[in-house]
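What follows is a short report on a single structure.
Number of protein chains: 2
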Amino acid sequence: MPRPANPDTRAKLLEKGADLVSRVGFNATGVQEITAAAGVPKGSFYNYFESKEAFAVEVLGEYWGSVAEMYGPLLRDKETPPLQRVVNYFRGLADFHKRHRYAVGCLIGNMALEVTPSSADVRAKLVTVYREWSEALADCLREAQARKELASTKDTKQLAAALIDTFEGTVMRAKVERSGKPFDSFERSVLPCLLA
Amino acid sequence: MPRPANPDTRAKLLEKGADLVSRVGFNATGVQEITAAAGVPKGSFYNYFESKEAFAVEVLGEYWGSVAEMYGPLLRDKETPPLQRVVNYFRGLADFHKRHRYAVGCLIGNMALEVTPSSADVRAKLVTVYREWSEALADCLREAQARKELASTKDTKQLAAALIDTFEGTVMRAKVERSGKPFDSFERSVLPCLLA
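One line per chain: the protein sequences are A and B, in this order. Following our numbering, the numbering of the first sequence begins with 184 at its first residue and continues without gaps. Following our numbering, the numbering of the second sequence begins with 184 at its first residue and continues without gaps.
Next comes the structure, spelled out in structure tokens:
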């Protein structure tokens, strides 16, 4: 594979491709549509990505990177008590979905359900994303334990995983109902229960 | 649309189509592949279904119907205390995923994430499925309240929704990790917490 000639083209392919994948799914998005959306010749796709799967791994990395950059600081905000940070964090993520009118879902969840059966690389990337996501939450939960906000007997790793799973299921329901109500319910009943 | 001539052909289209949709997703499954898998001429598809979306609605109905038939009785088993029935129910569903080696996911969740953006009919069907699923669980939770197993202050409808959302997120993670560990964690930590 030749070295990418133009980082702008690469970025555009990733951006337009992520849009398409979010809207119609990965399996239904062809390389031709991605290059057409980015306004570049079809053949150039393979100057930047070895395969559509390699592209999916990069799209996931970009998506997770931007989520972590936008909302990760909420979990590390030392001015705020740790459990409140967790609430603020999920409120931020819910707001992200609201701005997309609950129509797109979470690219991590979408890829998890659609792409893992066919791509070992995407699955491996998702395992990493899940681990990083869990660790960011578990760090904050451990701070909550240190400050006696959370029982020291709680397994923070398992709790972090449960928070993510519940949230991803909530995103799914919000997408079906095209409504923010599932997020309200998550914040009002599920979070307090899991964090008690 | 002419009246379906052969119910066996219709059933075979639904069965083979559901397999394909589970494995590669709905958007990437063409009518031609469905008819080829069922061993019938392509044109006959439209004798049985008005459109691919109408087909998706039927596939969902069949899937949900068989899940309800197989596992629903666990929620209504009068010999067992209601909260234990909820545990048995989700254990049954987890076992279903285990038998599929965690590779397929839940067709309800898959369709929720992949198909809702493009099909109002599928979205409407999913709203119905979610409602029926929630009601089946909420009925059992109300029995738990009547028997003082569950605090009468709990909103059973909201709790049922939270159980479903958490479970669907767990299915997602199990698919990524190709492992039953997320289900163990759901049963050991999340369920007791939500049902406390």
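Beta carbons are placed, not taken as given, at the ideal position from N, Cα and C, and that holds for glycine. Remember, predicted model here, so these are calculated numbers, not experimental data.
Closer than 8 Å between beta carbons: that is the criterion. Which residues of the stretch 327-355 of chain A meet it against chain B? Under the 8 Å Cβ criterion, the stretch 327-355 of chain A contributes 338, 341, 342, 344, 345, 347, 348, 349, 350, 351, 352, 353 and 355.
With a threshold of 8 Å between beta-carbons, can residue 245 of chain B be considered close to chain A, or not? No, its Cβ sits nowhere closer than 8 Å to a Cβ of chain A.
Measure from the alpha carbon of residue 292 of chain A to the alpha carbon of each residue in A:247, A:335 and A:271, then state which is nearest. Looking at the Cα atoms, A:247 is the closest of the given residues.
Which value, in whole angstroms, describes the spacing of the CA atoms of residue 306 of chain A and residue 331 of chain B? Near 44 Å, if we compare the C-alpha coordinates of residue 331 of chain B and residue 306 of chain A.
Would you say residue 313 of chain B lies against chain A (beta-carbon separation less than 8 Å)? Judged by the 8 Å Cβ criterion, residue 313 of chain B is in contact with chain A.
Can you tell me whether residue 194 of chain A is buried or exposed, with buried defined as 16 or more other CB within 10 angstroms of its CB? It counts as exposed.
Does residue 236 of chain A have its Cβ less than 8 Å from a Cβ in chain B? Taking Cβ atoms only, chain B never reaches closer than 8 Å to residue 236 of chain A, which makes this a no.
Near residue 257 of chain B, which residues of its chain fall below 7 Å by C-beta distance, leaving aside the five closest residues on each side in sequence? So the list reads 268, 271, 272 and 275, once near-sequence residues are dropped.
Please check if any C-beta of chain B sits within less than 8 Å of the C-beta of residue 323 of chain A. Not one chain B Cβ lies under 8 Å of residue 323 of chain A.
Of all the alpha helix (DSSP H) runs that stay within the bounds of the stretch 240-289 of chain A, which reach a length of 4 or more residues? Scanning the stretch 240-289 of chain A from its first residue to its last, the whole alpha helix (DSSP H) runs of 4-plus residues come out as 265-282.
Separation of residue 255 of chain B from residue 138 of chain B, as counted between CA atoms: Residue 138 of chain B cannot be examined here, being either before or after the span of chain B that is shown, 184 to 379.
So with Cβ pairs under 8 Å, would you call residue 293 of chain B a contact of chain A? The beta-carbon of residue 293 of chain B is placed less than 8 Å from the nearest beta-carbon of chain A.
With a CB to CB cut of under 6 Å and the five nearest residues on each side skipped, what residues in its chain are close to residue 219 of chain A? Result list for residue 219 of chain A: empty, nothing under 6 Å.
Indicate the three-state DSSP secondary structure (helix, strand or coil) for residue 293 of chain A in the structure shown. Helix at residue 293 of chain A.
Identify the contact partners of residue 216 of chain B in chain A, using a Cβ-Cβ distance below 7 Å as the criterion. None at all; the shortest Cβ gap to chain A is about 12 Å.
Taking its Cβ as the centre, do 16 or more other Cβ atoms sit within 10 Å of residue 317 of chain B, making it buried, or is it exposed? The residue in question, residue 317 of chain B, is buried, as its Cβ has 16 or more Cβ neighbours within 10 Å.
Assuming residue 299 of chain A and residue 359 of chain B make a contact with CB atoms under 8 Å, what is their CB distance in whole Å? Separation of the CB atoms of residue 299 of chain A and residue 359 of chain B is rounded to 6 Å, and the pair is thereby assigned contact status at 8 Å.
Applying the 10 Å Cβ sphere with the 16-neighbour rule, what's the burial state of residue 206 of chain B? By the beta-carbon neighbour count (other beta carbons within 10 angstroms, threshold 16), residue 206 of chain B is exposed.
Members of the stretch 358-369 of chain A that neighbour chain B once the beta carbon cut-off is set at 8 Å: Contact residues of the stretch 358-369 of chain A toward chain B are 358, 359, 360, 361, 365, 368 and 369 (C-beta to C-beta distance below 8 Å).
Give the straight-line distance between the Cα atoms of residue 352 of chain B and residue 344 of chain A, rounded to the nearest whole angstrom. Straight-line measurement puts the Cα of residue 344 of chain A at about 10 Å from the Cα of residue 352 of chain B.
Return the first residue and the last residue of the alpha helix (DSSP H) that residue 361 of chain B is part of. Residue 361 of chain B -> no alpha helix (DSSP H), and no H or E assigned at all.
Can a CB atom of chain A be found closer than 8 Å to the CB of residue 172 of chain B? With chain B covering 184 to 379 only, the question about residue 172 of chain B has no answer from this structure.
I'd like the list of long-range same chain contacts for residue 369 of chain B, defined as Cβ closer than 6 Å, with 5 residues on each side in sequence excluded. The residues are 353.
Extent of the continuous alpha helix (DSSP H) run through residue 228 of chain B: Here the alpha helix (DSSP H) through residue 228 of chain B covers 228-231.
Excluding the 5 residues preceding and the 5 following residue 321 of chain A in the sequence, name in chain order all residues of the same chain whose CB lies nearer than 8 Å to its CB. So the qualifying residues of the chain are 339, 340, 342 and 343.
Closest Cβ-Cβ distance between residue 211 of chain B and chain A: below 8 Å? Yes, its Cβ sits closer than 8 Å to a Cβ of chain A.
So, under 8 Å CB-CB, residue 363 of chain B and residue 239 of chain B are touching, yes? Tell me the CB distance rounded to an integer number of Å. Actually they are not in contact, since the Cβ atoms of residue 363 of chain B and residue 239 of chain B sit about 29 Å apart, beyond 8 Å.
At the 8 Å Cβ level, is residue 372 of chain A part of the contact set with chain B, yes or no? Interface annotation, residue 372 of chain A: in contact with chain B, CB-CB separation under 8 Å.
May I ask which residues mark the beginning and end of the alpha helix (DSSP H) holding residue 325 of chain B? Residue 325 of chain B -> alpha helix (DSSP H) spans 303-329.
Name the chain A residues whose beta carbon is nearer than 7 Å to that of residue 310 of chain B? Contacts between residue 310 of chain B and chain A, judged by CB atoms closer than 7 Å, involve 359 and 360 in chain order.
Over what stretch of residues does the alpha helix (DSSP H) that includes residue 194 of chain A continue unbroken? Per DSSP, residue 194 of chain A is one residue of the alpha helix (DSSP H) stretching across 190-207.
Helix, strand or coil for residue 236 of chain A per DSSP? Residue 236 of chain A falls in the helix class under three-state DSSP.
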